[in-house]
């Protein structure tokens, strides 16, 4: 019997992507969709690409009867998520896609997000939702905090290397290129087609992007010591896709072997043959992450490149993967959609 | 038990799209892939986006044992298709995606394609593969000829109107905008990113595009008299998607009612609420066709707009839909993939 | 000695394009730039691409001393333009880029723009700014109303044909494709890169776009009788460029000869060899308009296609061309910039 | 009186860009254009965007009378350039845009380009064409070798820092993003719109790109010791523009002051206010290079970002700048074209 799903914040891109995936998921059924500013509208009015689906109309969160719900995805902005989730039933399974429960140290949260966490007591309950590294905890969790899409891409490239001690922890540079949908459906001048197409630029330069909080937390945990990477994101004129080019110091073959071993049993994270580089085009629309390892001409320098779709593996796909685990379903259910190329 | 499928010409975009669909099709299994120039290569080398799939290597057609095959898709260039199909086993079910068997009159074939048809006797056997209009014939067919993607889009907008006699048959204009993947993976200067992006132009202007042969054949059949439309395709900087803006003379409400009635039981062809216009973005990557009807400010003039994905509904999706019928499967099997947006 | 120029509304795309052109104009010098909401800012903060220029800061219009100004470009939204222009010195030469003074009949203005014209007495003074057709009036004008970019493209394709009586005035269809910068720098969801890229759709379907008011006015004037065309604009994923595909009935050679004769002495409007079709890519960033004429397979049907850059010839370039005439300068001064390709 | 210019290899993008610039250059006149495979064609057939210009037809190089030519631009592929240039008159001024004369050490040429240099004796005569660093030598040169577009971008960001000794020479990483026109008008599968749009990937990973030869040569010369940087180029879906994100170790303010001082008198290289990052969109179509300097959160780490248009400053614009110097013209003549935005 299908699991009953609510999506809070269904009028944004990650909410819509959840619907897209669940549309062909064998074991999930959407019973409620919320979207406060668009409450009362049919989903097909907000996202005409979903018009073939028989979906409930958007409502306000207060209108949802959570007694009928097996699991809620919360695809709301940070800060709002805390407020909403703190009022949901205490036994409701929740996958949160916001930043609100990613940081175990609420001081770090305040430092990076600029205001105090309003429900610090719930932070302890949340499991960090990077499935491949927290699988067992996620199975047992009630509240899972989805990883930041940039943070995830960097962690897939780096966490096994940091854990294994095969790279210099003091010299890690993540140069990341991201498509525009990661910024959401928000009305900002720099997201207009005329402003964004046909060019590229770096933003949050100087390692000030909020996803660094996740890098700091997770890499330091993996290393057992403080690790502070450099991280520069760039916006590219594509809707989907993140490519993280990571510069590390270590032995190239050791780096390759460590990553290959770490992901050898993973369905969604694939290490390419040694020396090959991935492309975001080859994972677009899918839950796959491709990782390439190439030795630099200078011995002891290695380039690790990871590619994933920010809306799928980087957000809603991972959320479904976590929900599958939390609901006792096949982890891969609904997620084997092939990439869309060209 | 899964049906065993061969794809001839798997190294092009329509071949790859067949693989993409079959990847999550519940009742099909790929047993052979051919690609003469790339014989011996793994599919993941030709299309790295398919690397998560366990697929047979590309071989030459002669190497395939068709005794094991339930149905073959033929995704080869026109002319080559005739030559290949004429040598396949006479009881093998075939869906051809080329232009070779679309025209019932071999003289018309020669006129539009510039050389005589080499197996005119097989032409009689082929069924025109526009599923929504030839469903019963396709169920019984051995050889089905997939429709041209532009030709299909125009027919979805027009055929019910031509049949019903609600429009002026002498004044039909199809102004069509198509993405670039319809031209295939061929090395042509005008298909380079630097040549194609950031602009648009018309091609085959003056109603000389080969898909007119299909319009002539099908509209004349539907009308019971000769119909000759005007047709101007334009290339736009998008990979997927066709939008046909069709100008007709007739009563707007009659036009709307006729189309709504024609498609009311169709899963994949949806007529939007009266007065709404479709977007190619809302069907990208899916098997859906959206149709809009709007009255012009001048009484008796109507604009009908149809949108579909040229690689899915316009080609490989339709081919799967036809194969489902020929193999006795659920017509929609494997085809309910939601569009990918954004 | 350089003419002193003010640009009112310099924080939008057409304002910035005026600055771009004047940057290499031999006889113009910018002495004032206004931008109410961005008053006090340097132009390089609003448009970093202009940072190499030594420009006055943005001010409020009231702060400008028009005694020092030879000519003002008004690049403000419609309605605002009326209010502003009515208060400018009565002897100041003005090129208005808005819709406010394009329609000679103020009732038509109210009908299409939804509210009464506030300074109907000034409407009589304004000259319609389509340089190639109103050159002598523009030379003598104090106030010139820049043409709508879509309206201009259609007129270049059609006005000589309407005047000459070589086409059926009852059956004219303009199917137009436009890039996104025509919509300006406004924060609308449908102008976001993620919403607009990789697809196309029609808007203002049914001949309801406001530029029809200009078509009605100008074609009726040219014909000496009421002419009502059909007009469907489409948005394409490109920043600049308009392509108008125009369907007419008449003799193809007569159509070609009429257009060739009309533009034979024009620098900026070029009729391509008979049978060739233009591309927006070939006029991008320039003041040129390319026109192609192709006969349809059906005798008596002709396709005329016109391409221009909406920000240059379609707006700011034409404005400079008009200003050159009004100021007694060489009409082409500053406008011979070659297109940018690729 | 205008200088008489020949362009050898005018059928490629850099050749066309030279024509575009010269179209509004006050002191240059094109007297000959060559294009072996397209000899006999009019330039407007090869590049319709240049149709408004009165240009000589393409001819074979042997047909050009160089007695009438003041300077020849050679925009041919490497290897071909050597062969052609060695046969040109020995007193003809030449700006070569290929890689053939960039490397002073012919062994390095053979190592990176895979075959021996055929005219090593001419190598000694050639001046490396990075105008801002070799201005005086270029003024006196007969043969100038245009810099590689990627190599130039990295050098603008780094050479003053390497010379001044303000950064650690052992830890320099150049992560570069480039538009597609740098690859030329060549028919390669990965340059097709359908393959390239909507994504990104790294190529020549591992510091194996040929432009490293220029980095090695110039940085080692500037440092007075061997310098070997890491360099990873990425292809992005844009036609023009290079963004080099450079990671160095040093004091951020010293880095900023060094760059600001180095370029304070340069027209075309502008250092942005401390802490700002450039965008390729703000230099598109122009000869300007924007450089930004940002301190990392970790003391002693600095990010330097440089942006330029690969076809303009990165190739043909620089070539004109050098030609201006060689011909005794104003260095900036014809090059003050403002960027094209949006």
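Protein chains in written order, with my numbering: chain A, 5 to 346; chain B, 5 to 346; chain C, 5 to 346; chain D, 5 to 346. Idealized CB from N, CA, C, for every residue including glycine. Model, not experiment: these values are computed from the prediction.
>> If you reduce the DSSP assignment to three classes, tell me which class residue 2 of chain A lands in.
In response: Chain A is shown from 5 up to 346; residue 2 of chain A falls before or after that span and cannot be answered.
> Since residue 80 of chain A and residue 320 of chain A are thought to touch, with beta carbons under 8 Å apart, how far apart are those beta carbons, to the nearest angstrom?
Replying inline: Under the criterion of beta carbons closer than 8 Å, residue 80 of chain A and residue 320 of chain A do not qualify as touching, at roughly 14 Å.
>> Can you list, in chain order, the residues of its chain with a C-beta nearer than 7 Å to that of residue 87 of chain A? Leave out the 5 residues immediately preceding and following it.
In response: If we look at residue 87 of chain A and ignore the five residues flanking it on each side, its Cβ neighbours are 122.
> Which chain D residues sit within Cβ distance under 9 Å of residue 347 of chain B?
Replying inline: Here chain B covers residues 5 to 346 and nothing more, so residue 347 of chain B does not appear.
> What did DSSP end up calling residue 72 of chain C once you bin it into helix, strand or coil?
Replying inline: Note: residue 72 of chain C maps to helix in three-state DSSP.
> Just how far apart, CA to CA, sit residue 228 of chain D and residue 313 of chain A?
Replying inline: Spanning the two alpha carbons is a distance of roughly 45 Å.
> How is residue 392 of chain A classed by DSSP in three states: helix, strand or coil?
Replying inline: Nothing in the structure corresponds to residue 392 of chain A, since chain A is present only between 5 and 346.
> At a Cβ threshold of 8 Å, is residue 343 of chain A touching chain D?
Replying inline: By the rule that beta-carbons nearer than 8 Å mark a contact, residue 343 of chain A does not touch chain D.
>> Under 8 Å, Cβ to Cβ, is there at least one residue of chain B near residue 47 of chain A?
In response: Taking CB atoms only, residue 47 of chain A has no neighbour in chain B less than 8 Å away.
>> Please determine whether the Cβ atom of residue 193 of chain C lies at a distance below 7 Å from any heavy atom of the ligand GDP.
In response: The ligand GDP is absent from the structure shown, which contains no ligands of any kind.
> If you count every other CB in all the chains shown that lies within 10 Å of the CB of residue 118 of chain C, and 16 or more means buried, which is it?
Replying inline: Looking at its Cβ environment, which holds fewer than 16 other Cβ atoms inside 10 Å, residue 118 of chain C is exposed.
>> Against residue 247 of chain C, what residues of chain B qualify as contacts under a CB-to-CB distance less than 9 Å, listed in chain order?
In response: Chain B residues near residue 247 of chain C: 203, 204, 205, 206, 238.
> Quick one: which chain C residues come within Cβ less than 9 Å of residue 54 of chain D?
Replying inline: Ordered by position in chain C, the residues that pass the 9 Å Cβ test against residue 54 of chain D are 286, 342, 343, 345.
> Which class does residue 248 of chain A belong to by DSSP, given the choice of helix, strand or coil?
Replying inline: DSSP places residue 248 of chain A in strand when its eight states are reduced to three.
> By Cβ distance, which residues of its chain are closer than 7 Å to residue 85 of chain D, with the 5 residues on each side in sequence left out?
Replying inline: Counting only Cβ-Cβ distances below 7 Å, and skipping sequence neighbours, we find 78, 100, 102, 104.
> If you compare alpha carbons, which of D:272, D:263, D:280 is closest to residue 324 of chain D?
Replying inline: With distances taken between Cα atoms, residue 324 of chain D lies closest to D:272.
>> Between which residues of its own chain and residue 96 of chain B is the CB-CB distance below 8 Å, once the five residues before and five after are set aside?
In response: The answer, listed in chain order, is 70, 73, 75, 76, 146.
> With a cut-off of 8 Å, does the C-beta of residue 234 of chain D fall near any C-beta of chain A?
Replying inline: Answer yes: the Cβ-Cβ gap between residue 234 of chain D and chain A drops below 8 Å somewhere.
>> Let's test the definition: count the other Cβ atoms within 10 Å of the Cβ of residue 322 of chain B and tell me whether it reaches 16, buried, or not, exposed.
In response: The residue is buried, with at least 16 neighbouring Cβ atoms inside 10 Å.
>> Need the endpoints of the beta strand (DSSP E) that residue 182 of chain D sits in, please.
In response: Element bounds for residue 182 of chain D: 177-182.
>> Please report the distance separating the alpha-carbon of residue 120 of chain D from that of residue 82 of chain D.
In response: When rounded, the distance between both Cα atoms is 12 Å.
> Does the stretch 256-274 of chain A come close enough to the stretch 196-205 of chain A to have 3 or more Cβ pairs within less than 8 Å?
Replying inline: Two segments are said to touch when three or more pairs of C-beta atoms, one from each, lie closer than 8 Å; by this definition the stretch 256-274 of chain A does not touch the stretch 196-205 of chain A.
>> Given this structure, state the Cα-to-Cα distance separating residue 309 of chain A from residue 336 of chain B, to the nearest angstrom.
In response: If I take the Cα positions, the gap works out to 38 Å.
>> Contact criterion: CB-CB distance below 8 Å. Does residue 243 of chain D meet it with respect to chain B?
In response: Contact with chain B is found for residue 243 of chain D, since one of that chain's Cβ atoms lies less than 8 Å from the residue's Cβ.
>> Is residue 281 of chain D close to chain A? Criterion is C-beta to C-beta, closer than 8 Å.
In response: For residue 281 of chain D, the answer is yes, since a Cβ of chain A falls inside 8 Å of its Cβ.
> Would DSSP call residue 156 of chain C helix, strand or coil?
Replying inline: Three-state result, residue 156 of chain C: helix.
> If we count the other Cβ atoms within 10 Å of its Cβ and call it buried at 16 or more, is residue 257 of chain A buried or exposed?
Replying inline: Result: exposed.
> Using Cβ-Cβ distances below 7 Å, what residues of the stretch 165-189 of chain C are close to chain B?
Replying inline: Under the 7 Å Cβ criterion, the stretch 165-189 of chain C contributes 177, 179, 181.
> Residues of chain E with CB under 7 Å from residue 193 of chain A, in chain order?
Replying inline: Protein chains in the displayed structure are A, B, C and D, and chain E is not among them.
>> Can you tell me whether residue 220 of chain D is buried or exposed? The criterion is at least 16 other CB atoms within 10 Å of its CB, across all chains shown.
In response: It counts as buried.
>> Just to confirm my understanding: we take residue 137 of chain D, look at its own chain, exclude 5 residues before and 5 after, and list those with CB closer than 7 Å. What are they?
In response: Excluding sequence neighbours, residue 137 of chain D sits near 163.
> Are the beta-carbon atoms of residue 330 of chain B and residue 143 of chain B separated by less than 8 Å?
Replying inline: For residue 330 of chain B and residue 143 of chain B, yes; Cβs fall inside 8 Å.
>> Can you find the residues in the same chain that come closer than 8 Å, C-beta to C-beta, to residue 107 of chain A, ignoring five residues on each side of it along the sequence?
In response: Contacts found: 113, 116, 127, 217, 218, 221.
> Under 8 Å Cβ-Cβ, which residues of chain C neighbour residue 300 of chain B?
Replying inline: Within chain C, the residues 210, 211, 234 have their CB atoms less than 8 Å from the CB of residue 300 of chain B, given in chain order.
> For residue 292 of chain C, which residues from the same chain have a beta carbon less than 6 Å from its beta carbon, with the 5 sequence-adjacent residues on both sides left out?
Replying inline: Contacts found: 272.
>> What does the Cβ neighbour count give for residue 316 of chain D, buried or exposed, with the cut at 16 atoms within 10 Å?
In response: In the assembly as shown, residue 316 of chain D is a buried residue. Its beta-carbon has 16 or more other beta-carbons within 10 Å.
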